[in-house]
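2 protein chains.
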Amino acid sequence: MTAPLHETHPSGPGRRLPDTQQGMRRRNLARVMHTVSAEGPLSRAAVASRIGLTRAAVSTLVDELIRSGLLEELGPERPGRVGRPGSALAVSGHGPAGIGAEIGVDHLAVCAVDLRGIVRARAVRHGTNRGRSPQPVLVELTGLVRQVVAEAEREGLWPAGLAVAVPGLVARDARTVVRAPNLDWHDVDLGPLLPPELPLTVDNEANFGSLAELWLGDDTPRDFLHVSAEIGIGGAVVVDGRLLRGTRGFAGELGHVPVRPEGPQCACGGRGCLEQYAGEEAVLRAAGLSPGEDRVALLAELAAQGDQDVRLALRGAGTALGIALTGAVNLLDPQAVVLGGALAALAPWLRPSLERELARRTAGPACAVTVSRLGPEGPLLGAAHSVVRAVLDDPAAVAGRN
Amino acid sequence: MTAPLHETHPSGPGRRLPDTQQGMRRRNLARVMHTVSAEGPLSRAAVASRIGLTRAAVSTLVDELIRSGLLEELGPERPGRVGRPGSALAVSGHGPAGIGAEIGVDHLAVCAVDLRGIVRARAVRHGTNRGRSPQPVLVELTGLVRQVVAEAEREGLWPAGLAVAVPGLVARDARTVVRAPNLDWHDVDLGPLLPPELPLTVDNEANFGSLAELWLGDDTPRDFLHVSAEIGIGGAVVVDGRLLRGTRGFAGELGHVPVRPEGPQCACGGRGCLEQYAGEEAVLRAAGLSPGEDRVALLAELAAQGDQDVRLALRGAGTALGIALTGAVNLLDPQAVVLGGALAALAPWLRPSLERELARRTAGPACAVTVSRLGPEGPLLGAAHSVVRAVLDDPAAVAGRN
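Protein sequence lines correspond, in order, to chains A and B.
Take the first sequence: its letter number 99 is residue 98 in numbering that gives the first Met the number 0, and every next letter is one higher.
Take the second sequence: its letter number 371 is residue 370 in numbering that gives the first Met the number 0, and every next letter is one higher.
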């Protein structure tokens with residue numbers, strides 16, 4: 000199929016429908032979906048008044064969306080209001096679902112999210128993927144995807160697409176993992192190894208994490224810098240509610256911003272990159288701990304118990320983050336820096352030194368630093384929701400596909 | 000008047016006309032103007048085929064644009080073509096003009112650019128503005144603006160608006176200079192001190208310089224980072240052909256990106272900012288020269304003559320630029336870095352060390368580094384052209400104002 004799938008990805012034409020009557024109709028279908036999604040249940044009249052179209056025009060659009068299974072009528076509104084009671088409209092809980100998947104260094108996860116944003120099915124497999132070749136990993140992921148799709152279908156949903164979060168750089172084709180150092184994958188096209196019946200989008204986990212923050216976070220601003228850490232340091236830049244992708248799709252690589260240009264050699268070829276000071280390995284080393292599973296939980300536990308070595312290591316990581324973020328804040332002037340992933344769990348010990356560097360180095364009032372509530376769930380939820388958002392953004396593209 | 004004026008500024012609604020028949024007409028007027036501007040002279044039929052509307056629809060739009068003085072008919076096309084000869088259309092050389100102005104540290108300049116992009120009038124006054132209070136400077140600037148407008152009017156043009164480039168941070172209201180350290184201006188609203196009859200936009204000189212690069216440069220990509228230097232270091236980020244402004248309008252402040260976090264104290268409150276290594280004063284100091292006028296020309300001359308101290312100083316500045324740009328390139332993944340302003344003149348001696356740092360510190364193929372051909376003219380031309388672009392982007396907003 001050639002229909003747009005992924006509103007957040009530049010290859011998705013969802014945002015730029017042609018300027019014709021047909022394009023206008025498609026945009027108006029999207030406005031109805033977004034309005035009901037954000038404020039529903041709503042009557043046809045309420046939708047009409049909110050989007051500034053006539054009641055008759057809205058009814059035509061709504062009828063089409065009901066026929067396509069994207070909207071549902073809940074029955075008459077409760078009485079007592081002025082005028083003839085209308086039937087309240089809601090986004091369908093039995094229509095398309097977004098399938099999100101995550102290839103983590105230490106796990107695989109898949110979930111299905113309906114148009115209402117509710118997780119309706121999920122599956123997880125723990126165990127390291129480090130050093131495994133792509134094929135067995137993707138065969139295993141396909142098994143999890145089929146399991147989740149089957150579960151969603153039993154609930155009356157149908158999959159509108161699959162979005163996969165990976166810990167690496169993804170080309171602008173939204174399929175090819177150019178480089179995932181912690182998996183040791185290079186130039187892997189995920190397309191041929193995943194279920195061919197599902198329209199596919201692949202993206203960096205930090206990108207999906209930042210989109211989850213934008214869509215699901217509490218009062219997330221429309222301009223922010225998202226910084227997360229698992230094994231590496233991930234960054235993503237959101238400008239005016241849209242992810243900044245860069246020419247090759249590699250924007251947001253905060254982990255290799257030079258912090259101390261004559262500092263330790265980094266695997267990227269540079270010296271003194273942020274990852275050399277605030278990456279998981281660097282922090283463990285500075286704290287006198289050895290690498291292993293669940294090290295973030297251990298760091299948080301020891302820091303909470305008052306372990307001075309761990310606290311000092313986290314303070315140093317916060318300082319390095321503050322220096323790198325000063326440069327980023329000067330360049331982008333965001334409304335906030337959001338700490339996600341493992342950084343959210345460690346924020347109590349990172350944030351003071353991070354904020355101190357940022358405040359003394361940036362002109363004017365320092366940029367707000369906030370902590371994500373989604374934590375490590377962000378990338379998976381962001382992936383699934385990206386498919387849901389694509390349906391809301393261009394419902395005409397999926398209508399009739401069921 | 001409440002019509003949109005400045006397409007590049009977020010307050011200008013030019014980009015987001017309402018999704019109605021009326022909005023569609025306004026967008027189609029803009030498409031006609033842009034097509035004729037980019038490819039004219041063109042017949043009505045040629046315009047129709049390029050924008051995918053019927054000949055009749057285009058004729059209605061063209062007639063309206065001719066009546067408003069935005070398009071002109073050049074008379075019958077040369078014979079020999081198939082079909083009835085049409086009259087070729089061109090963008091008017093006697094319609095609206097963009098008035099650009101620049102408040103430099105050492106000069107004031109004003110120019111008028113017609114819809115064809117030709118400079119039709121200009122006025123310059125040399126002499127330092129450092130430490131002068133805003134009022135006398137703006138009175139003087141108003142005098143130059145009136146002089147240029149009068150000259151343009153004698154040529155049959157009329158001013159569509161005034162855009163002013165300033166060496167400082169400008170609030171998102173596009174009127175208030177929040178901070179211009181080299182003028183020592185703080186929180187100055189330029190509106191009340193400039194000609195009230197001209198719709199006004201104020202912006203940072205680096206922003207206008209980058210827009211000039213985008214609009215007038217040879218093969219400028221749509222994603223680039225523009226770095227310039229006069230007294231300070233200016234930066235601007237262009238993403239997908241649009242200037243990234245930031246929450247407060249302060250994005251692009253490359254001069255205060257930390258290069259060596261424990262380096263020399265900077266006036267901004269930070270330490271080891273880029274300006275401490277690559278700003279004019281720092282380079283002169285490193286070369287053993289004292290500040291003064293035309294120091295950039297002197298540096299270029301001495302470097303060309305083989306002066307080792309000057310070459311070493313410029314090499315050091317290039318290294319610092321390379322370190323700061325590595326962070327910026329990692330974050331933004333632009334197609335190119337464009338060196339403008341004084342950096343263009345010094346590029347032969349800055350670029351080798353700059354490119355070396357960038358290549359060894361960034362993963363994958365290094366970002367291209369190019370040199371602007373506009374040099375110090377960029378900000379003034381960018382300002383004037385921003386008014387012209389606003390007219391092309393929403394001709395309906397100025398139609399009938401003459």
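From the three backbone atoms N, C-alpha and C, an ideal C-beta is built for every residue, glycine too.
Label residue i either buried or exposed according to how many other C-beta atoms from any shown protein chain fall within 10 Å of its C-beta, with 16 as the threshold for buried.
i        : result
B:Glu435 : With chain B covering 0 to 401 only, the question about residue 435 of chain B has no answer from this structure.
B:Glu261 : exposed
A:Pro257 : buried
B:Thr53  : exposed
B:Val386 : buried
A:Pro333 : buried
A:Ser36  : buried
A:Thr361 : buried
B:Ala316 : buried
A:Arg372 : exposed
B:Ala266 : exposed
A:Pro375 : buried
A:Asp393 : buried
A:Ile230 : buried
A:Ile322 : buried
B:Gly51  : exposed
A:Arg119 : buried
B:Arg259 : buried
What does residue i touch in chain A if you count any residue whose Cβ is under 9 Å from its own?
i        : result
B:Ala327 : Val256, Gly326, Ala327, Leu330
B:Arg259 : Arg259, Pro260, Glu261
Can you list, in chain order, the residues of its chain with a C-beta nearer than 6 Å to that of residue i? Leave out the 5 residues immediately preceding and following it.
i        : result
A:Ala383 : Gly97, Gly99, Cys110, Val112
A:Leu243 : Val236, Ala250
B:Val148 : Pro158
B:Ala228 : Gly340, Ala341, Leu342
B:Leu320 : Ala277, Leu353
B:Val414 : Any answer about residue 414 of chain B is impossible in this case: the structure gives chain B only from 0 up to 401.
A:Thr219 : Glu212, Leu213
B:Thr318 : Ser352, Glu356
B:Gly381 : Phe207, Gly208, Leu210, Ala211
Between residue i and residue j, is the Cβ-Cβ spacing less than 8 Å?
i        : j        : result
B:Arg129 : B:Val104 : yes
B:His93  : B:Leu391 : no
B:Ala395 : B:Arg131 : no
B:Asp222 : B:Asp202 : no
B:Gly208 : B:Pro378 : yes
A:Ser42  : A:Ala89  : no
B:Val31  : B:Leu73  : no
A:Leu70  : A:Ser48  : no
B:Arg294 : B:Ala170 : no
A:Leu189 : A:Gly167 : no
A:Ala286 : A:Val309 : yes
Using a C-beta to C-beta distance shorter than 8 Å, which residues of chain A count as neighbours of residue i?
i        : result
B:Pro238 : A small fix is needed here, since residue 238 of chain B is Val in this sequence, not Pro. Result: Val238, Leu243.
B:Leu253 : Asn329, Leu330
B:Arg49  : None at all; the shortest Cβ gap to chain A is about 14 Å.
B:Pro375 : None at all; the shortest Cβ gap to chain A is about 23 Å.
Strictly below 7 Å CB to CB, what residues from chain A border residue i?
i        : result
B:Asp186 : The contacting residues do not exist; B:Asp186 stays about 12 Å from chain A at best.
B:Ala250 : Leu330, Leu331, Asp332
For residue i, I'd like the list of residues in its chain whose CB is within less than 7 Å of its CB, leaving aside the five on either flank, ordered along the chain.
i        : result
B:Gly82  : The predicted position of B:Gly82 is uncertain, since its pLDDT is 49 and thus under 50; no value can be drawn from it.
B:Gln264 : Arg270
B:Leu349 : Leu313, Ala316, Gly317, Leu320, Leu342
In its own chain, which residues sit with a C-beta less than 8 Å from the C-beta of residue i, not counting the 5 before and 5 after it?
i        : result
B:Ile232 : Val226, Leu253, Gly254, Leu273, Glu274, Ala277, Gly278
A:Leu192 : Pro133, Gln134, Leu137, Val138, Thr141
A:Ser289 : Leu283
A:Val144 : Ile98, Ala100, Val109, Leu161, Leu193, Pro194, Leu197
A:Asp217 : Arg372
Beta carbon of residue i: closer than 7 Å to some heavy atom of the ligand GDP?
i       : result
A:Thr53 : Here there are no bound small molecules, and the ligand GDP is not part of this structure.
Consider the Cβ of residue i: report whether some Cβ of chain C lies at a distance smaller than 8 Å.
i        : result
A:Ala303 : Protein chains in the displayed structure are A and B, and chain C is not among them.
Below 7 Å on C-beta distance, what does residue i contact in chain B?
i        : result
A:Arg131 : Result: empty, since nearest Cβ-Cβ is about 23 Å, beyond 7 Å.
Against chain B: residues of the region 306-322 of chain A by CB proximity under 7 Å: Ile322
Near-chain B residues of the region 159-189 of chain A - C-beta to any C-beta below 7 Å: none
Contact residues within the region 266-278 of chain A, judged by C-beta distance below 7 Å to chain B: Cys267, Gly268, Gly269
Near-chain A residues of the region 222-235 of chain B (beta-carbon distance less than 8 Å), N- to C-terminal order: Asp222, Gly234
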